[in-house]
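Chains as they are written, first to last, in the numbering used here: chain B, 9 to 323; chain W, 9 to 323.
2 protein chains.
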Amino acid sequence: MSKLPVIVGGTIAIDNVITPQAEAKELLGGSASYAALAASYFTSPVHLVGIIGHDYPQRHIEMLEDHGVTLDGVERSAGESFTWTGEYHANMNDRTTHRVGLNVLENWQVKVPASIAATPIVVLANMSPDNQLQMLAGSTASSRFVIADTMDLWINIANERLHDVLKELDLFVINEGEAREFTETSNLILAGKRILAKGPRNVIIKLGEFGAMLFSGEAENWEISQQTFFRSAAFPLHEVADPTGAGDTFLGALAGYLASLGKTSFSFEDIRQAVVKGSILASFTCEEFSTRKLQSLDSGEIAKREQLFKHLTDW
Amino acid sequence: MSKLPVIVGGTIAIDNVITPQAEAKELLGGSASYAALAASYFTSPVHLVGIIGHDYPQRHIEMLEDHGVTLDGVERSAGESFTWTGEYHANMNDRTTHRVGLNVLENWQVKVPASIAATPIVVLANMSPDNQLQMLAGSTASSRFVIADTMDLWINIANERLHDVLKELDLFVINEGEAREFTETSNLILAGKRILAKGPRNVIIKLGEFGAMLFSGEAENWEISQQTFFRSAAFPLHEVADPTGAGDTFLGALAGYLASLGKTSFSFEDIRQAVVKGSILASFTCEEFSTRKLQSLDSGEIAKREQLFKHLTDW
């Protein structure tokens, strides 16, 4: 079958990032930017849905277009772009947000143009659950596969709406700390099971440098088996320059890979493989600031890393 | 080749453990107890070296003997046994030590009886670096493979002596937090490389519920490759009843498996497989208090879990 297109909705940001080693400004950021770019390595077109202000750097837009990302779904507002300024500390896991400029995001209502509304692989990257539901309402595909991510903020301030999103999902991606918080348990296996019970047919708990866990199947009587659970490592890195966007990259690569299979219904094995692609692409994102590494990959480099990853984890 | 014996030196304790769910007293504890018991599933005999007081429960001794663990190297002192009382908190990772009764450990000098001194697979389970060096001095095997573990306490109060131990090792096992502290870096790949530079030919960083990393080869110019690095997951558990001794179990199972290969020089592939055995056995230890689960295994149960583990992590 031929590859399918992907539609990715989420934030498009201007990031300013400080790490113990360096500092960089006016970077391409935002959940949808990373996810769309990552997806572009596996399928095309990738339709981006989001909002930017009048001040958004033209070079970021051009780079995305160069990767086969379409911008018909990106609203250009007269306001100022969404900006995030944050700092990573010595362990590169903890970060402090210094400033968030919501700006154009504040009253954003997601609109999906008719030209891309029927896109069958739908990615709701991290944005408010209200925005995620608006994007879903604008999706007209008769057969589709819906994947979403979230963040701790929405668990805290929009918990009910987030539960509404969960009921619509084929695959939900959440990170470790958020999963523990969301399900009020410290045991991640139990957390995965509890999230399955909230609606999604598949759940991935991202573990950062420790990889990811995939849970699949009916929540009732769910048990660990080779058809319901997969544990992936993360590709080992000597040095993490900037982990911003690694989770969004994971999400987008996973979606792009699934779209490349040319269908909207996936086996457990398909999703296992997608988790591996997500892990590989996320490792590249961590190697340089922003999308600098992610935007300059070629398929040979990705395949080579995947092969090494296989050797490093196989037994 | 026929299986080789293992000698395991370390602590033999009476543990009192509190978890959020339950509490249990007068348990078999200590690094060497877990390690010896775990090793016994792969090879025999397993020679235990340690010290106990007059009050040590006879039932624990008998259980160990039932598993082919010999006690000729266990000194029986007129003093009181080493005891540890600790409590696990909700996440089962953090624990508080309520009381440590060093007792017989306080002035212990390790003596290895001549009858077991030539044992070729040598395990220095967690005890003071001084005790580890005494045990090594008592080992007379012309060809041997030496494996050691440690804990944060020794990094803090016996750092120099710990470095002396490291120079003698074929394989050093340390947990994540300790590795970061010991090498003053948050990056675990860098930590592994730095520990290799301290002497051991192989290093394992244990990641608790996230598995383990194996580093091997010359520290100088060390790079990640399929001959120098292996990343193992941990077997997923719905419920952790008591993680005490999981790391010691890992160590012992690993050593027992290597001994079962009937040689004292191991390929990277041998050690990879040993890491998997360690992970499997450690998962059993977590399922019940103390050694209750570990002591009641059979080879079919171990093989079955290993097979499932393979399926859950393969791609």
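Ideal Cβ placement from N, Cα and C applies to all residues, glycine included.
Computed from a prediction, not measured in an experiment: that's the story for all the values here.
Beta-bridge partners of residue i, as assigned by DSSP
i: TYR42 (chain B); result: The partner list for TYR42 (chain B) (beta bridge, DSSP) is empty, contrary to what the question assumes.
i: GLY58 (chain W); result: W:VAL82
i: ASN210 (chain B); result: B:LEU179, B:SER224
i: GLU31 (chain B); result: B:ILE26
i: LEU36 (chain B); result: B:ILE22
i: PHE153 (chain B); result: B:ILE129
i: VAL16 (chain B); result: B:LEU56, B:VAL131
i: ARG202 (chain W); result: Answer is none; ARG202 (chain W) lacks a bridge partner.
Closest Cα partner of residue i within the set the options
i: GLY58 (chain W); options: W:GLN117, W:ASN101, W:GLY87; result: W:GLN117
i: TRP162 (chain W); options: W:ILE129, W:ILE197, W:ASN183; result: W:ASN183
i: GLY270 (chain W); options: W:SER151, W:GLU296, W:GLY37; result: W:SER151
i: ALA122 (chain W); options: W:LEU141, W:HIS55, W:THR299, W:TYR96; result: W:HIS55
i: PRO13 (chain W); options: W:LEU266, W:ASP278, W:LYS301; result: W:LEU266
i: MET221 (chain W); options: B:GLY185, B:LEU320, B:ALA311; result: B:LEU320
i: ARG233 (chain W); options: B:LYS119, B:ARG313, B:PRO251; result: The amino acid occupying residue 233 (chain W) in the given sequence is Ser; Arg does not appear at that position. It is B:ARG313 whose Cα lies nearest to the Cα of SER233 (chain W).
i: LEU305 (chain W); options: W:THR272, W:ALA261, W:VAL131; result: W:ALA261
i: ILE20 (chain B); options: B:SER10, B:TYR49, B:GLU95, B:VAL108; result: B:VAL108
i: THR104 (chain B); options: B:HIS171, B:TRP92, B:GLU114, B:TYR42; result: B:TRP92
i: SER39 (chain W); options: W:ILE310, W:SER298, W:LYS318; result: W:SER298
i: THR191 (chain B); options: B:LEU179, B:GLU176, B:ILE213, B:ASP178; result: B:ILE213
i: PRO65 (chain W); options: W:ILE279, W:VAL173, W:ASP23; result: W:ASP23
i: GLU217 (chain W); options: B:SER10, B:ALA241, B:ILE155, B:ASN210; result: B:ALA241
i: TYR49 (chain W); options: W:TRP323, W:ASP322, W:GLN303; result: W:GLN303
i: ILE60 (chain W); options: W:THR51, W:ALA86, W:ALA44, W:SER52; result: W:ALA86
i: LEU170 (chain B); options: B:THR148, B:ASP138, B:GLN142, B:ASN210; result: B:ASP138
i: ASP160 (chain B); options: B:PRO28, B:GLY185, B:LEU141; result: B:GLY185
i: GLN235 (chain B); options: B:LEU245, B:PHE223, B:PHE243, B:PRO244; result: B:PHE223
i: GLY264 (chain W); options: W:ILE26, W:LEU316, W:ALA46; result: W:ALA46
i: THR51 (chain B); options: B:ILE15, B:HIS62, B:MET71, B:PRO28; result: B:ILE15
i: ILE155 (chain B); options: B:ILE69, B:THR252, B:LEU179, B:GLU189; result: B:LEU179
i: SER275 (chain B); options: B:ASP74, B:GLY225, B:LEU110; result: B:GLY225
i: PRO251 (chain W); options: W:SER291, W:PRO244, W:VAL173, W:PRO53; result: W:SER291
Where residue i sits in the DSSP three-state scheme
i: VAL232 (chain W); result: The amino acid occupying residue 232 (chain W) in the given sequence is Ile; Val does not appear at that position. Three-state DSSP puts ILE232 (chain W) in coil, outside helix and strand.
i: MET9 (chain W); result: coil
i: PHE317 (chain B); result: helix
i: LEU197 (chain B); result: Position check: residue 197 (chain B) holds Ile in this sequence, whereas Leu was assumed. Helix at ILE197 (chain B).
i: MET159 (chain B); result: coil
i: LEU174 (chain W); result: helix
i: ALA187 (chain B); result: helix
i: GLU309 (chain W); result: helix
i: ALA21 (chain B); result: strand
i: ALA47 (chain W); result: helix
i: GLU192 (chain B); result: coil
i: ASP138 (chain B); result: helix
i: GLY219 (chain W); result: coil
i: ALA145 (chain B); result: helix
CB contact below 8 Å: residue i versus chain A
i: HIS246 (chain B); result: Protein chains B and W are contained in the structure displayed, whereas chain A is not.
message: Please give the ranges of any alpha helix (DSSP H) in the segment 62-131 of chain W, keeping only runs that are unbroken, at least 4 residues long and fully inside the region.
response: Runs of alpha helix (DSSP H) with 4 or more residues, each lying fully within the segment 62-131 of chain W, are found at 66-74, listed in chain order.
- prompt: Counting Cβ pairs closer than 8 Å, one from the segment 154-172 of chain B and one from the segment 72-83 of chain B, do we hit at least three?
  reply: No, the segment 154-172 of chain B is not in contact with the segment 72-83 of chain B.
- request: Determine, using beta-carbon pairs with one atom in the segment 23-34 of chain W and one in the segment 276-289 of chain W, whether at least three such pairs fall under 8 Å.
  value: Taking 8 Å as the limit for Cβ pairs, the verdict is that the segment 276-289 of chain W does not touch the segment 23-34 of chain W.
query: Do the segment 195-206 of chain B and the segment 194-208 of chain W touch if we need at least three Cβ pairs shorter than 8 Å?
result: Judged by pairs of C-beta atoms under 8 Å, the segment 195-206 of chain B does not touch the segment 194-208 of chain W, as fewer than three such pairs exist.
message: Under 8 Å, with one C-beta from each stretch per pair, do the segment 124-143 of chain B and the segment 93-110 of chain B reach the 3-pair mark?
response: With a cut-off of 8 Å, the segment 93-110 of chain B and the segment 124-143 of chain B do not count as touching, because too few Cβ pairs lie within range.
message: Under 8 Å, with one C-beta from each stretch per pair, do the segment 243-261 of chain B and the segment 225-232 of chain B reach the 3-pair mark?
response: Inter-segment contact for the segment 243-261 of chain B and the segment 225-232 of chain B is absent: fewer than three beta-carbon pairs are separated by less than 8 Å.
- request: Pick out the complete beta strand (DSSP E) segments inside the segment 235-312 of chain B, 3 residues or longer, and give them in chain order.
  value: The qualifying runs are 237-240.
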